[in-house]
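In our numbering, the protein residues as written are 2 to 186.
Structure follows, in structure tokens:
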């Protein structure tokens with residue numbers, strides 16, 4: 002499954018860096034410069050590239066503020082009624098000991114057993130949209146070697162959750178850290 006990741010029409014430098022970081026950790030993803038393209042143009046571009054999902058990263062005061070998802074099929078496209086509102090991100094260049102794999106072929110979404118219902122909804126919806134397996138575990142160590150990248154979704158005190166991309170072999174951070182403020186379904 003191919004995924005196109007793009008930005009709002011006038012992205013800041015930080016937003017472009019965030020999209021580049023996402024492309025490095027999501028298997029089968031392609032970064033597209035949006036420019037003046039409408040949703041319809043993005044959908045037709047996705048079809049020509051054999052992609053069936055477009056992720057649009059919107060800005061809020063120059064920082065990544067929202068993730069929107071567009072499902073693309075052969076004859077139509079649909080803006081998915083699911084949005085991830087972001088309260089903050091930490092880019093790969095801001096993480097001192099980040100360990101990015103050279104090639105990402107597999108990914109799994111995981112969270113703690115007994116996480117809140119809202120965190121489970123976030124995990125299940127992302128797993129469904131991105132077509133990644135979803136697992137609930139007691140600790141991250143149980144998943145060592147399960148995939149190249151583990152999208153580790155952890156409940157947070159200040160926000161709804163924190164999404165960390167972890168290297169499946171070394172268990173070090175491999176991608177941006179996303180603080181999720183809320184999910185709109």
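We put the CB at the ideal spot given by N, CA and C, even for glycine. Predicted model, so just to flag it, every value in this text is computed and none were measured.
In this structure, residue 109 lies away from residue 162, with their beta-carbon atoms at least 8 Å apart. The DSSP-derived three-state label of residue 162 is strand. Within the same chain, and ignoring the five residues on either side of residue 20 in sequence, the residues whose Cβ sits closer than 8 Å to its Cβ are 6, 7, 8, 12, 32 and 58.
Look at the beta carbons and you see the region 76 to 87 touching the region 38 to 45: at least three pairs across the two are nearer than 8 Å.
Each of 150, 64 and 156 was checked against the Cα of residue 117, and the nearest Cα belongs to 156. Between residue 184 and residue 123, the beta carbon gap of about 5 Å places them in contact (Cβ cut-off 8 Å).
Annotation note: the region 96 to 142 contains the following uninterrupted alpha helix (DSSP H) runs of length 4 or greater, listed N- to C-terminal: 118 to 131. DSSP places residue 171 outside any beta strand (DSSP E), giving it a letter other than H or E.
For residue 60, the uninterrupted beta strand (DSSP E) run begins and ends at 52 to 61, by DSSP.
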